[in-house]
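Protein chains in written order, with the numbering used here: chain A, 3 to 448; chain B, 57 to 456; chain C, 46 to 594. The next block holds one structure in the form of structure tokens; read it before the comments.
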Amino acid sequence: MIEALSRRSILRGILGGSAITVGLPLLDCFLDGNGTALASGAPLPIRFGTWFWGLGHTPGRAIAIKDGTDYAFLENCAALSPFKSQINFFTNFNTPTDGEPNIPHDTGHFAGLAGNCPSAYGDIPSPTFDVLISDAIGQASRFRSLEVTASGNPRDSLSARGTGNFNAAEPSPFRFYTRLFGPEFADPNKADFKPDPRVMVRQSVLSAVKDEASSFAGGLGSADKARMDEYFTSVRQMEQQLNLQMQKPAPAEACKIPASPGENTPIGTEIFTAINTHKIMTQLLVMAVACNQTKVFNMSFSASASQYRKPGDSATNHTLTHEEPVDAALGYQPISDWFATRSMESMATFVDAFAQVREGDGTLLDNCMIFAHTDTNYARLHALDGIPMMSVGKAGGRIKTGMHIAGNGDPVTRVGLTMMQVMGLAVDQWGTRSLKTSKPVTEIVV
Amino acid sequence: MNGKPEWEKGVTMGIGKGTFAPLFVRRLRYCVVALALLIASGILTHVSAEPAKKKTLGLAITAWRTALYETPDGKEECPDGLTLGGDQVWLNMLTPEQRDKVTRHGTVETTQLRDFALERGPHGEDVCWNPAVVNDPPQKTVQGKKSYGVNLDGTDDGHATPRTCAHEKFVTPDGARGIDNQWYRVIGCTYGWRAAGGYTEEMPNGELRDGGHPILVEITGIDDLRNSTNVEVAFYHSTDGMIKDNAGNILPNSSYRVAKDYLYTTHGSIVDGVLTTVPIDIHFPFYAHFMHSERFIKDARLRLDLAPDGKSAAGLVAGYYDLDSFWSYMERIGELFTVAHFDCPALYEAVHRLADGYPDPKTGECTAISAGFSVTAVSGYIIHLDAKTAQASAPAGEVR
Amino acid sequence: MRIFLRHGIAATLALALFGCGPGEPQSPGGAPQVRRLTEEQYRQVIADLFGKDIKVAGHFDPLNRTDGLLEIGASRAAITSSAFEQYDLIARQVAAQVVDADHREVLVPCSPASDSAPDAACAKAFFARIGPLLYRRPLEAKTLERLVDVSGVAAASVHDFYAGLAFGLAGMLETPEFLFVADYTEPDPDRPGGHRLDAYSRASRLSFLLWDTMPDAALMKAAQDGDLNSKRGLRRQVDRMLASPRLDAGVRAFFSDMLGFDTFDTLAKDPIIYPAFVQSVADDAQEQTLRTITNLLIANKGDYRDLFTTRDTVMSGPLGLLYDVPVTKPDGWVPYRFPDDDPRAGIITQLSFVALHSHPGRSSATLRGKAVREIFLCQKVPDPPGNVNFALVQDTKNPNYKTARQRLTAHRSAPTCAGCHKIMDPMGLALENFDGAGQYRTVENDVPIDASGEVDGVKFQGAAELGKVVHDNPVTTSCLVNRLYGYAVGRPPVAGEKDWMKYLQAGFAENGYRVPDLLRLIATSDAFYAIAPAGAQSASEPSPTGARS
């Protein structure tokens, strides 16, 4: 077995110059002296993620807009204040529907994710842009992307390929742990490495599976062909996983295998349970990224019409946003507001977890771009215009941060387009009809 | 008023009470009274007065604990401190050199020394199976004046009667006098029975909560849950377990099939929501420490507070706890003396010395001890299976 | 004699009208479907193939409910990366068990020359036997060859014959041929240029409809012998399958889908408000309704509409807690009949409906009304408007509406709300005697509950009468026909099937609304197997054998 991996052997691919692309794992020896770029001058790999919460903020209690691009976090978002320098806050971007219905807790976020307004619940009209990004940068990782939820419901995932199917979210901390760090995990920091011959056998089996599937797919109609394409993409991802299992993974300084959460970790929609689940899942997810298991991730803190509730309360967050009276003295709905603040506290937990991981001269958060978004501007009215969005992380220095960006009524898709371009996708236009845009938010691009 | 018709006297109508009612009201009164008489005489037979339907309440006992009065620091009831466990008693009998050797300079856990502490009879006998073969320092018994319980012997001062031995009485914390609870006197200062130790009784209660088979109390012939003069009370044992909610509380409305060959019946009455029963001898089974045991209580009677919604009850089972029944349980759990801090020989001696019920005709020594046990219960359906027809019936008219 | 003759004539007429084919309206058929196995079907297939003790430990991606059914969603379902990972994991675990020391004697039909080396002959025997069963059709020669090769290479690599078999088997379990039930077509001899479902696809359609699993040996043989292409042969198989106890599984699977029981997986009740609604209650609630259904529809050959009025059901110990009734066998299931005047009558009043369609901590007249409309009447309720103003609901003079009926008054009076809520709330309000966990109550917040309602002009009082209203509504039975047919073919009925659907509805009525008879009508029809002509769906040329058009 090769003792010291030379850059060349890795670049050539251990599988003897085959056509399979092997992603460059991050080795310190590849970094330049400043730890800010690869020795070759290429930038450090950037990770992309989304963080979703349902039911927005209480209007007037999220941020205070100041002169220029300055802003300050208000009560709902107080927990995010320590990370303000990493966060861009987008306001006043709208969601034109071109006559499609405003499907409550659905149109709001899918418009900005898929560039298209859905026509009914369950209709996911085009791929969400996290999938486009993971197709571009995620193929060489063990997982093309990771979808997680704190709600206990695997349907609470917003990541979809546009065939009408979504990428189910992992709801169980124990199962997530087993998937990430169980028997199939290759510890990048383990000194010895012996490729398992059985993995090569599995590779040849998968090859036979693909042959079988090709003749199956040959006779299908066009709609079914698209589903078969997704099948083949999935098989290729499994092949990639097996490829990686055949090589010694590059050491990852920040990778420390976490303790397994208990098999009976409570999962549920009681708010404190969900907050706890989110915390555990965040720890696992961050470590998965730090151990180079994936470059793309999607966390749903809650469903869009969040069913979270305080223990003993008969009303869920969603019900409250509609039925709770506006307090005459306060001017807002107090319990709904309470939930909004809890959501932002969990977002802060998420952001902080990335900020705690050292990478090169900075942190993992510095090399991430996370799209934090929600489904409405004012849940009580299912308001679509001005839905708050944030970018979190410096994307390896490719974006400026700490700014408030006013959208002037432009479509929300400008943000998704910007993010795809920042992640290196060759896309200059995105979205359909009034959501179509070719104008990135250049203010944040370096 | 003079000249009042005979049939108007003694009929309280409430109309114009105490004032002179206008004529039409008086006429109305006459009509109503006449109607009442006609009904009573049976002339208007389609208006019938049906007796109220009798109701049944089924209860499953969810926990059983000695009704133990204790203060947080124990000083009031146990001024001399709590009892020592048999291991400590034994260690105290050793010289310092012997103690040091046997504990390997104090490094060996006393639970590991348990077997030595148990088998220390003159011929190596287990002193819980043979408690009388050694003379241990006496049990620390309750010195306080307060206890829960009931006046079992009917006397004010505990003097000896043909059926009881002389003993001291207690006063309840609420001030009720004449309480017989010698059992409390014996074990009230033993860690394993007190709340902090909770061992000897929490094990069977835990078994019960984890799907164990409860004792059922079926009260039939109830007119009204607050007051019923004569009710039948039956005790059954169930073959079905109780169901818990996610917080571990036993849920009401479960169904329990009665086991064959276990039945005790008595009468009782409910006054202001409290059921009291006529004493009978009852064997109460329980499961603990991997074995079946029972508490045989002579003159057992209930005093249960029934919740107004009919979903639960709590109160006392009091009577004379048969000493043989008690000891047949203790001798099999002797090994718990290290964690429950009791000493078998001392406990055996104390419970026999302080026993106050059912004197042995030959020796005059009392063979049972006055006791009070607090019980909690939830309501449920008691299912009687008819062996012949395999039909099942649940008593009609369940109380809710 | 004359009576017999009259009945005989009537029977013959009925048979002629509804059983003989010529009276049956044509169906243009739909596109060939490719349906992903549901989790239940996957597990049942593994059990049928390898035995009940083979553990399937993994999780399955949820299906999307489409046109009211998960089974139609299965026709659109794809396999994502994470789903494929799970299939791969399950496949390897199943395969490992199949060849382990405990199972190989029974499941591997031969012994290799050596345990630690390849044995092509034995591998061939194994795959030749298991292949057609897994793929639900004959194995192509080149596929068999490939399997023997792969397992041979594997066996040589790890010096273990059985491990080699397991690698090959695991591969089979993650191919689309296994994971999807696909419609294979062949040229139709009766319609030159046209195509029809081939015999094995007919067998699969039939088997998954009636038994929710792969075709058994007898059905496979019938397919092989060409019996399924003749009405007589088809009817013989259908009658055999309808008479089998395995029909229960098929009927349960259908109703489980139609009633939306998949949402039980994520059903949460607040443990403080409803402490008695523990997991065993949720599990038993589904079972209770499914048993009520199979008892009435299959065992008692009853009228489908009676599901909404029947007081006969079953009880378990945990359910007795919620229903507050005595259960004479608390550790099992016992028949139970609610008294004649009891508000519990019909499956709409059972826990599986009222508890499922509620919030975690309170009931919901709107969710229940919507569910009655969408599930039992196939009436789609429009989505709520996006810009609704809830200020009307939040009357500051009465911040605490005492009963749901009071709270929902605004729903029915405000113009933007009333249009839709008028068709939902009145039904749901009749069920308000059942709280969010399905427990019976007469008051809410100390105010007596008024369980009166009105549906499409018919007034009623209370849950039992709501059941009667649904029983009597003609839409109820046509909805069931619509759903069952959609479940059968994996797609909603197409425009050209209007007459066929009317025919099915008439047949359902003629047969006293008996579901097994409706199944027979569907399963023996031409429509069930009709495939839209090639060219309408795709432009690719059909292959000579066994390819889809």
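In this text, a Cβ means the ideal position worked out from N, Cα and C, and glycines have one as well. All values derive from a computational prediction rather than experimental measurement.
Looking at the DSSP output, A/Ala66 bridges to A/Ala74.
Between B/Thr118 and B/Gln195, the CB-CB gap reaches or exceeds 8 Å. Annotated as distal: B/Ile425 and B/Leu358, with beta-carbon spacing of 8 Å or more.
For A/Pro127 and A/Cys119, the gap between their C-alpha atoms comes out near 7 Å. Against chain B, the CB of C/Val359 has no partner CB under 8 Å away; the residue lies outside that interface.
Within chain A, the residues Pro106 have their CB atoms less than 7 Å from the CB of C/Pro429, given in chain order.
In this structure, C/Ser246 sits near C/Asp228, with a CB-CB distance shorter than 8 Å. For B/Ala216, there is no enclosing beta strand (DSSP E), as DSSP marks it with neither H nor E.
Inter-residue distance for A/Arg416 and A/Ser216 is about 38 Å (C-alpha atoms, whole angstroms).
Assigned with DSSP and collapsed to three states, A/Ser83 falls in helix. What C/Val203 touches in chain A, judged by beta-carbon distance under 8 Å, is Pro199, Arg200 and Val203, going in chain order. Per DSSP, reduced to three states, the secondary structure at B/Thr423 is strand.
Within its own chain, the residues whose Cβ lies closer than 6 Å to the Cβ of A/Asp368, once the five positions on either side in sequence are excluded, are Lys396, listed in chain order. Within the region 108-158 of chain B, the runs of beta strand (DSSP E) that reach at least 3 residues and sit entirely inside it are, in chain order, 111-122.
If only uninterrupted beta strand (DSSP E) runs of at least 3 residues are considered, those enclosed by the region 127-186 of chain A are 148-151. C/Gly406 has a beta carbon lying within less than 8 Å of a beta carbon in chain A.
Taking 8 Å as the cut-off, the beta carbon of B/His269 is found closer than this to the beta carbon of B/Gly297. Of all residues in the region 264-277 of chain B, none is placed with a Cβ closer than 7 Å to any Cβ belonging to chain C. Of all residues in the region 347-380 of chain C, only Met360, Gly362, Pro363, Gly365, Leu366, Leu367, Tyr368, Asp369, Val370, Pro371, Val372, Thr373, Lys374, Pro375, Asp376 and Val379 place a beta-carbon less than 9 Å from a beta-carbon of chain B.
Distance between C/Gly483 and B/Pro401, taken at the CA atoms: about 57 Å. Exposure of A/Lys196 is indicated by the presence of fewer than 16 other C-beta atoms within 10 angstroms of its C-beta. Among the CB atoms of chain A, one or more fall inside 8 Å of the CB of C/Phe129. In this structure, the alpha-carbon of C/Val514 lies about 10 Å from that of C/Gln506.
In the three-state DSSP reduction, B/Val434 falls in the strand class (E or B).
B/Gln195 carries a coil assignment under DSSP once its states are collapsed to helix, strand and coil. Using a CB distance cut-off of 8 Å, C/Ala321 counts as an interface residue toward chain B.
The alpha helix (DSSP H) runs lying completely inside the region 225-282 of chain B and spanning 4 residues or more are 238-243 and 255-265, given in chain order. By the criterion of at least three beta-carbon pairs nearer than 8 Å, the region 132-139 of chain C is in contact with the region 201-216 of chain C. Taking a contact to require three or more Cβ pairs closer than 8 Å, the region 394-412 of chain B and the region 341-350 of chain B do not qualify as touching. Per DSSP, the beta bridge partners of B/Ala290 are B/Glu274 and B/Thr321.
A straight-line Cα-Cα distance of about 30 Å links C/Ser289 and C/Asp310. At least one C-beta of chain C is nearer than 8 Å to the C-beta of A/Phe218. Secondary structure in the region 312-390 of chain B: the alpha helix (DSSP H) runs of 4 residues or longer, each lying completely within the stretch, are 379-386 in chain order. Non-local beta-carbon contacts of A/Pro129 in its own chain, meaning distances under 6 Å to residues more than five positions away in sequence, involve Arg163 and Gly164 in chain order. A straight line joining the alpha-carbon of B/Glu288 with that of B/Pro128 spans about 40 Å. When the five nearest sequence neighbours on each side are left out, the beta carbons in the same chain lying within less than 8 Å of the beta carbon of C/His404 are those of Leu412 and Gly481, in order along the chain.
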